[in-house]
Each structure stands twice: as structure tokens, then as C-alpha cells.
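Student: Residue numbering for the sequence shown is 0 to 334, as defined by numbering that gives the first Met the number 0.
I am attaching a structure below and will ask some questions about it afterwards.
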Amino acid sequence: MHKHFARDERNKPKDATMRNFDDLSEREMLALAIANEEEDSRIYADFADGLVADYPASAQVFTEMAAEENGHRRQLIDLFVKKFGEHIPLIRRQDIRGYIPQTPVWQVRPLNLEAVRAHASKMEKGAARFYREAIGRTSDAAIRKLLGDLAAVEDQHDNRVSVLERELLTDSARDTEAEHERRRFILQIIQPGLVGLMDGSVSTLAPVFAAAFATRDPWNAFLVGLAASVGAGISMGFAEALADDGKLSGRGAPLLRGLVCGLMTTAGGIGHTLPFLLPDFYWATLIAICVVVIELIAISFIQWRYMQTPPLAAAAKVMIGGALVFAAGVLIGVS
């Protein structure tokens, strides 16, 4: 009998124990509201904890929001105890059919400030929608009043956040956080992308043009360039991801850096490889050389724009390096 019962439980659909929102009683709906407010409060507290090291002023905003959600929870509990007694059943949003569970904060670290603000705005809109739906499913005047008040509060939370930011985010704090965000973007995206673009654009020049001038066959040059670009992209992606876990350097998630570096390396090599799809050797070579010049100019611009490298110095270093590798490839190809 026990084995048969276990087999039946395994074969039961995963959502068989889930409830429809319309089927909840007033007691259950109020219990769900309490669980929602408690979870939202903890999420905001987690946001504050994740931001405090780099964005202390913004972290304080989320600390205040966590305190507000906790206040809502206490209001709901007081009403629940008055109406239904001391025991509050455990009903969570993931137990209700159609609800989308909140993303655990540890899955999105390191926290991006704009992403956190967008996530918080989405949470507030969801909470207001829940209270508006709940109002229509209760006839108790006290419950309707509290749910209506909370719906109005959630609707106004975007304005409340703006007020908190004006109070807590001074001009100097905003400037400091903006500069930190810029530095993090450079460390996590621009720097690995630039390294990959430089490697892909420069290191693949020699094999591509060596193959082109050695065989005079654009297709052979294309195959060599494609293999060199993809291979370099894989190699650079792994090298970047494995070189630094980002915890001490602040360079962010190694997987993201490796992906950016690998893709940009491949893109840098593919750019001057694609022209060799043309059947005419001379036109393919001429266009490939033009693409190389554009790639080197793009690298120089990124160095000047984000790395504060003087434009002439950036252009000179990149052009000299590219010219040397290109010349090496041509010499090897014609020898």
C-alpha cells in the first residue's frame, strides 16, 4: 500500500497542490498578503545589503523601503489576529497558480543599480495589482479598507522612492555612485571587450594574409581566418574567465567577462576574414585591408573614449602594432 501511494504521488502533476487565487478565503488571502509583505521586505533588505559596499546612499533607500514593507506586514498581522485568531497559515505566492516567484537576490549578484531599481518598481506594481484584485474578493469592510489603503501606498511607492532618493542621495553621493558605475562598466565590459577586439583584430592578421598571399585563393584565406578567429575567441574567453574571479579586483563575474572577451575576439578576426568570401583575390584583399584599418580606428577610439588614452598615442600604438603583424603575414605568405 505504501509503495502504491508513493507511486501515485510521483505521478501527480506538479501543480496539483496549487490553489487558484479566486478560490482563496478571506483568511487565506490575508495570510498570503502577510507572506508577500514579509518576502518583499526581506528582498529590499537583501538589495540594501548587496549595495551598501558600493552604493551606500542607494542602499539606505532600500533599507527604508524594507522598513515600510515590514510596517505593512504588521498592519496585516494585527487585522488577521483580530479577525481570525493567532494562527497564520503558511501560504506563499509560489503556491498560487499563475504567480511568478521573485528572483532570489543571490542569483543576480553582483547587483547592478539600475537593474535593482527596475526590479523594485516591478515588485511594487505587482503588489498594488494583488491588493486591487484582493479587494474585489472580500466583503469585510475592515479588510477592504486596509487592502485599499495598501494598494494606494504601493501605487505611490514610485513617488516615495523619488522622495527618499532626494532626501538620501545628495549630489556628491550621486556623483560618487555614477563614477563607480562607470568604472564597473569599464572593468566588466569595456576592458575585456577591448582586449578581445585587439587580440582578434591584430593576432589573426598574420595567418589570414599569409594564407591569402601564399595560395592566392580567397576561400583558403577565409577558412584560415575563420579557424583563427573562432579558436582565438575560445582561447581568449577561457583565459579571461579563468584569470580572475573578480572578488578582489572588482572586475565582476568571470563568466560575463569571458563571454564578452571571447565574442569580441571572434568578431575582431571575422571582420577582415569575411571579405575573402569574394571570389576575386585582389578585391577581397583590398576590402579586407580597409576593414583592418576600420578595426584599428575603432580600437583607438575605444581606448581614447573609455581608457583616457590620448588619441594620437592610442592611434600610433594600434596602427604600428597592426602594421607589423600585417607585414609579417604578407612576408610569410610571399616567401
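Cβ coordinates follow ideal geometry from the N, Cα and C atoms, glycine included.
1. Tell me whether T308 counts as near the ligand NAP, meaning its Cβ is closer than 7 angstroms to at least one heavy atom of that ligand.
2. Could you tell me the distance, in whole angstroms, from the CA atom of A240 to the CA atom of D77?
3. Shortest alpha-carbon distance to G268 belongs to which of F221, D216 and Q190?
4. Exposed or buried, what is S299 when buried is set at 16 or more other beta-carbons lying within 10 Å of its beta-carbon?
5. Between the C-alpha atoms of M17 and F129, what's the straight-line distance to the nearest angstrom?
6. Out of V292, R131, T62 and A283, point me to the one whose CA is closest to D216's CA.
7. Bridge partners for R18 per DSSP, in chain order?
8. Within the same chain, show all residues whose beta-carbon is closer than 7 angstroms to that of A213, passing over the 5 residues directly before and after it, in chain order.
9. Tell me, to the nearest whole angstrom, how far the beta carbon of Q187 is from that of R256; I am working on the premise that it is less than 8 angstroms.
10. Write down the C-beta distance between I33 and R72 rounded to the nearest angstrom, noting that I regard them as a contact closer than 8 angstroms.
11. So, is G321 buried or exposed, given that buried needs 16 or more other C-beta atoms within 10 angstroms?
12. Cα separation between V317 and Y43?
13. Using only CA atoms, which one of G125, G147 and R183 lies nearest to M306?
14. Indicate the three-state DSSP secondary structure (helix, strand or coil) for L23 in the structure shown.
15. Which runs of the alpha helix (DSSP H), 4 residues or longer, sit entirely within the segment 24-69?
16. Could you say which of F83, D53 and L50 lies nearest to A30 if we only look at CA atoms?
17. V329 to A205, Cα distance in whole Å?
18. To which residues of the same chain is T203 closer than 8 angstroms at the C-beta, ignoring the five residues directly before and after it?
19. Taking I293 as the reference, which of F275, A314, D279 and P278 has the closest Cα?
20. Please go through the same chain and pick out, in chain order, the residues whose beta-carbon is closer than 6 angstroms to the beta-carbon of Y28, but skip the five residues on each side of it.
21. Hey, could you find the ends of the alpha helix (DSSP H) L186 is sitting in?
22. For my contact list, M122 and D39 are in at a C-beta cut-off of 8 angstroms; report their separation, rounded to the angstrom.
23. How far does the alpha helix (DSSP H) with Q302 in it reach, from first residue to last?
24. Between which residues of its own chain and F275 is the CB-CB distance below 6 angstroms, once the five residues before and five after are set aside?
Tutor: Let me spell this out:
1. Absent from the structure shown: the ligand NAP. Ligands present: none.
2. One-based indexing of the sequence shown puts residue 240 at position 241. One-based indexing of the sequence shown puts residue 77 at position 78. Going from the Cα of A240 to the Cα of D77 covers about 51 angstroms.
3. Residue 268 sits at position 269 when you count from the first residue of the sequence shown. Among F221, D216 and Q190, the Cα nearest to that of G268 belongs to F221.
4. Translated into positions along the sequence shown, residue 299 becomes position 300. Per the 10 Å Cβ criterion, buried.
5. Locating residue 17 in the sequence shown gives position 18, counting from the first residue. Locating residue 129 in the sequence shown gives position 130, counting from the first residue. Spanning the two alpha carbons is a distance of roughly 17 angstroms.
6. Reading the sequence shown from its first residue, position 217 is the one you call residue 216. In terms of Cα proximity to D216, the closest of V292, R131, T62 and A283 is A283.
7. To locate residue 18, count along the sequence shown from 1; it is residue 19. Answer is I95, bridged to R18.
8. The residue you call residue 213 lines up with position 214 of the sequence shown. By the criterion of a C-beta distance shorter than 7 angstroms, A213 is surrounded in its chain by G332, once the five residues flanking it on both sides are discounted.
9. Here residue 187 corresponds to residue number 188 of the sequence shown, with the count starting at 1. Here residue 256 corresponds to residue number 257 of the sequence shown, with the count starting at 1. About 6 angstroms separates the two Cβ atoms, so the contact holds.
10. Translated into positions along the sequence shown, residue 33 becomes position 34. Translated into positions along the sequence shown, residue 72 becomes position 73. With a Cβ gap of about 6 angstroms, I33 and R72 count as contacting.
11. The residue given as residue 321 occupies position 322 in the sequence shown. Its Cβ being crowded by 16 or more others within 10 Å, G321 is buried.
12. One-based indexing of the sequence shown puts residue 317 at position 318. One-based indexing of the sequence shown puts residue 43 at position 44. Cα to Cα, the separation comes out at about 46 angstroms.
13. The count along the sequence shown starts at 1 and reaches residue 306 at position 307. Ranking G125, G147 and R183 by Cα distance to M306 puts R183 first.
14. For this step, residue 23 is matched to residue 24 along the sequence shown. Residue state, collapsed to three classes: coil.
15. For the segment 24-69, whole alpha helix (DSSP H) runs of length 4 or above, ordered along the chain, are 25-50.
16. Within the sequence shown, the letter at position 31 stands for residue 30. Out of F83, D53 and L50, F83 has the C-alpha closest to the C-alpha of A30.
17. Stepping through the sequence shown from its first residue, residue 329 is reached at position 330. Stepping through the sequence shown from its first residue, residue 205 is reached at position 206. Just so you know, the alpha carbons of V329 and A205 end up roughly 7 angstroms apart.
18. Working through the sequence shown from its first residue, we reach residue 203 at position 204. Excluding sequence positions up to five before and after T203, its CB lies within less than 8 angstroms of the CB of G224, A227, S228, A231, G267, G268, H271 and T272, all in the same chain and listed in chain order.
19. For the purposes of this step, residue 293 is identified with residue 294 of the sequence shown, where counting begins at 1. A check of alpha carbon separations from I293 across F275, A314, D279 and P278 identifies A314 as the nearest.
20. Position 29 of the sequence shown holds residue 28. For the record, residue 28 in the displayed sequence is Met; it is not Tyr. Excluding positions up to five away in sequence, the list reads A133.
21. Along the sequence shown, one-based indexing puts residue 186 at 187. Here L186 belongs to no alpha helix (DSSP H), and DSSP marks it neither H nor E.
22. Taking the sequence shown and counting its residues from 1, one reaches residue 122 at position 123. Taking the sequence shown and counting its residues from 1, one reaches residue 39 at position 40. Indeed they touch by this definition, with Cβ atoms about 6 angstroms apart.
23. Taking the first residue of the sequence shown as position 1, residue 302 is located at position 303. For Q302, the uninterrupted alpha helix (DSSP H) run begins and ends at F280 to M306, by DSSP.
24. Reading the sequence shown from its first residue, position 276 is the one you call residue 275. So the qualifying residues of the chain are P217, A220, F221 and A283.
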